[in-house]
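In my numbering, the protein residues as written are 11 to 279.
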DNA sequence: TAAATCCTGTCA
DNA sequence: TGACAGGATTTA
């Protein structure tokens, strides 16, 4: 569900709300949440008593940082939600803090996963490429990473090992803004395309972060607030509606197994 | 590189 | 009832 702007919104709010708090107790309501985690047999007890000194983000992972390099990383996948307040019917994991508040990981579809690292970070976090927001500041470096990949540009943008943070909504939005067709091969993009793609990535992710992300289904921030990028989106879930540049009807197709929205006039293969 | 898989809910 | 959903890995 959440992509970079939603996860960034989430960690900023969490950090403001709970940095410095100590974990009084922890509850795992669905064992498979941590099935691929190091130290899974020690959980959730290994979390109790630790002080959260910071909450930040690696790609789409929400990371709670503790002393001595310990980290709890949560990935919300499609329907995960991290809130501060009372558990709902989809609560899979909770942290009760020393001030009595609860951090609740809810996940309707049970795709979400958690990882606890006692010291150094390992997989899957170490397999991520550079963060999209940072990489887009350097169009040449961005272009170089994309050019090294076979496959369609949309699929390459979604590959977290290439660049971390972009998901299905923002891939479509970025490609529309850059005027690049989603099925174009990443390897044939020109220097001009790379510049456009980098600029589009900065613009789209920046605007989405300022708007607190996109809420069209499940996403809410930790304080249960919705993101408003939805109202300014150009293509995602706008099939049949007019392109904001040329009024051509937005098309929907499947690319790499994902619903893909684009303008057939503005975006050429 | 496509399809199946992990899950559950919602909407047409 | 079937299609589809802000993800990502595994299998063919």
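Every residue gets a Cβ at the ideal spot worked out from N, C-alpha and C, and that includes glycine. Small disclaimer: the values here were computed from a predicted structure and weren't measured.
Looking at residue i: is its Cβ nearer than 7 Å to the Cβ of residue j?
{"i": "residue 218", "j": "residue 187", "result": "no"}
{"i": "residue 33", "j": "residue 60", "result": "yes"}
{"i": "residue 44", "j": "residue 62", "result": "no"}
{"i": "residue 15", "j": "residue 215", "result": "yes"}
{"i": "residue 10", "j": "residue 97", "result": "This structure does not reach residue 10, given that the chain is present from 11 up to 279, and the question cannot be answered."}
{"i": "residue 221", "j": "residue 237", "result": "yes"}
{"i": "residue 208", "j": "residue 140", "result": "no"}
{"i": "residue 162", "j": "residue 193", "result": "yes"}
{"i": "residue 89", "j": "residue 70", "result": "no"}
{"i": "residue 122", "j": "residue 85", "result": "yes"}
{"i": "residue 145", "j": "residue 196", "result": "no"}
{"i": "residue 260", "j": "residue 278", "result": "no"}
{"i": "residue 47", "j": "residue 110", "result": "no"}
{"i": "residue 25", "j": "residue 65", "result": "yes"}
Per DSSP, what kind of secondary structure is residue i in: helix, strand or coil?
{"i": "residue 90", "result": "strand"}
{"i": "residue 124", "result": "strand"}
{"i": "residue 184", "result": "helix"}
{"i": "residue 37", "result": "strand"}
{"i": "residue 176", "result": "coil"}
{"i": "residue 141", "result": "strand"}
{"i": "residue 107", "result": "strand"}
{"i": "residue 272", "result": "strand"}
{"i": "residue 279", "result": "coil"}
{"i": "residue 163", "result": "helix"}
{"i": "residue 26", "result": "helix"}
{"i": "residue 203", "result": "helix"}
{"i": "residue 224", "result": "strand"}
{"i": "residue 247", "result": "coil"}
{"i": "residue 258", "result": "coil"}
{"i": "residue 129", "result": "coil"}
{"i": "residue 58", "result": "coil"}
Using only alpha-carbon positions, find the residue among the options that is nearest to residue i.
{"i": "residue 241", "options": "224, 253, 231", "result": "224"}
{"i": "residue 20", "options": "233, 249, 257, 260", "result": "233"}
{"i": "residue 246", "options": "199, 95, 181, 202", "result": "181"}
{"i": "residue 17", "options": "274, 163, 91", "result": "91"}
{"i": "residue 102", "options": "144, 48, 126, 42", "result": "42"}
{"i": "residue 191", "options": "66, 26, 68, 164", "result": "164"}
{"i": "residue 229", "options": "202, 159, 274, 87", "result": "87"}
{"i": "residue 50", "options": "37, 22, 126", "result": "126"}
{"i": "residue 253", "options": "263, 168, 276, 160", "result": "276"}
{"i": "residue 115", "options": "82, 147, 108", "result": "82"}
{"i": "residue 179", "options": "262, 40, 231, 200", "result": "262"}
{"i": "residue 108", "options": "167, 142, 36", "result": "36"}
{"i": "residue 204", "options": "147, 120, 250, 168", "result": "147"}
{"i": "residue 185", "options": "30, 95, 243, 239", "result": "243"}
{"i": "residue 38", "options": "30, 100, 95, 31", "result": "100"}
Can you tell me whether residue i is buried or exposed, with buried defined as 16 or more other CB within 10 angstroms of its CB?
{"i": "residue 93", "result": "buried"}
{"i": "residue 177", "result": "buried"}
{"i": "residue 273", "result": "buried"}
{"i": "residue 183", "result": "buried"}
{"i": "residue 202", "result": "exposed"}
{"i": "residue 68", "result": "buried"}
{"i": "residue 23", "result": "buried"}
{"i": "residue 255", "result": "exposed"}
{"i": "residue 143", "result": "buried"}
Do three or more CB pairs link the stretch 166-176 to the stretch 119-132 at distances below 8 Å?
The stretch 166-176, when compared against the stretch 119-132, does not touch it at the 8 Å Cβ threshold.
Does the count of Cβ pairs from the stretch 252-271 and the stretch 50-59 closer than 8 Å reach three?
Contact fails: fewer than three Cβ-Cβ distances are below 8 Å.
Cβ contact (3+ pairs, closer than 8 Å) linking the stretch 147-163 and the stretch 66-81:
Taking 8 Å as the limit for Cβ pairs, the verdict is that the stretch 66-81 does not touch the stretch 147-163.
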